[in-house]
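Quick note: the sequence shown uses the numbering used here, first residue 152, plus one each step.
Here is the structure we will look at, set down as structure tokens.
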Amino acid sequence: VNRYRSTFLAAVLAGLLLGLIGLLAVPRKYSATSTVTISSVNSSPLTAGRLVDQINMQTEESIATSRSVTTAAAKLMTRRIDPDDLRDLVRVSVPSQSFIVKFTGRSSDKDLAIEAANAVANAYLTDRSASAAASTKRIVDSLQAISEQLIAVDRVIDINGEQMITAPSMWNTKEMAQF
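In structure tokens form, the structure reads like this:
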């Protein structure tokens, strides 16, 4: 009985020792996540669709993992990192049925995981902001053109002295059909 007890005890100690060695030998991986909530920038003020109709989350995910975003993110990092290495460090995901983009940095260096996730999220937001500003400019330019056309409307007085408003012929162009 004593012999079995010492064999059992030796096996338990060997298992604990191997577990401890395994724990120390495997490098730790840290994970840091930055989350961005997506909202719509309408392409036209005259189309009021649902948010789901206006945002394609697969496209947003593709933009977030694009070369231009990771290159911009690499420039935001305090340490030099190749954009391809940064793309390998940060996983971009879009939870199902959501308007959220998650940027998860994974590294054995805790600070690198945090900085990488934040840099890619910030570069994505900068890219999306530039896109939204361009879209807003197109909308403002279109509204300005419409406003100028409305100001140019000819007022014609018919033979009864009543005012009638007629629109310039340019309103019937293909360009105006998009509105």
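All residues carry an ideal CB built from backbone N, CA and C; glycine is no exception.
Q. Smallest Cα separation from Lys180: which of Thr255, Leu168, Thr210?
A. Here the closest residue by C-alpha is Thr255.
Q | For Ser191, the first and last residue of its enclosing alpha helix (DSSP H) | A | In the DSSP assignment, Ser191 falls outside any alpha helix (DSSP H) and carries neither an H nor an E.
Q. To the nearest angstrom, how far is it from the Cα of Asp236 to the Cα of Leu263?
A. The alpha-carbon atoms of Asp236 and Leu263 are separated by roughly 12 Å.
**Q.** Exposed unless 16 or more other CB atoms sit within 10 angstroms - verdict on Asn207
**A.** Taking all protein chains shown into account, Asn207 has fewer than 16 neighbouring C-beta atoms within 10 Å of its C-beta and is therefore exposed.
Q. Taking the alpha carbon of Gln248 as the point to measure from, which residue in Ala285, Gln209, Tyr275, Val241 has its own alpha carbon closest?
A. Residue Gln209 is the option with its Cα nearest to Gln248.
Q. Touching or not, the stretch 264 to 278 and the stretch 218 to 230, by the rule of three or more beta carbon pairs under 8 Å?
A. Result yes; three or more Cβ-Cβ pairs closer than 8 Å.
**Q.** Sequence-distant residues of the same chain with beta carbon closer than 8 Å to Val245, five excluded per side
**A.** Excluding residues up to 5 positions away in sequence, Met208, Gln209, Glu211, Glu212, Ile251, Val252, Lys253 lie with their Cβ nearer than 8 Å to the Cβ of Val245 in the same chain.
Q. Rounded C-beta distance between Arg114 and Thr221? I'm assuming under 8 Å.
A. Examination of residue 114 is not possible in this model, given that the chain is present from 152 through 330 alone.
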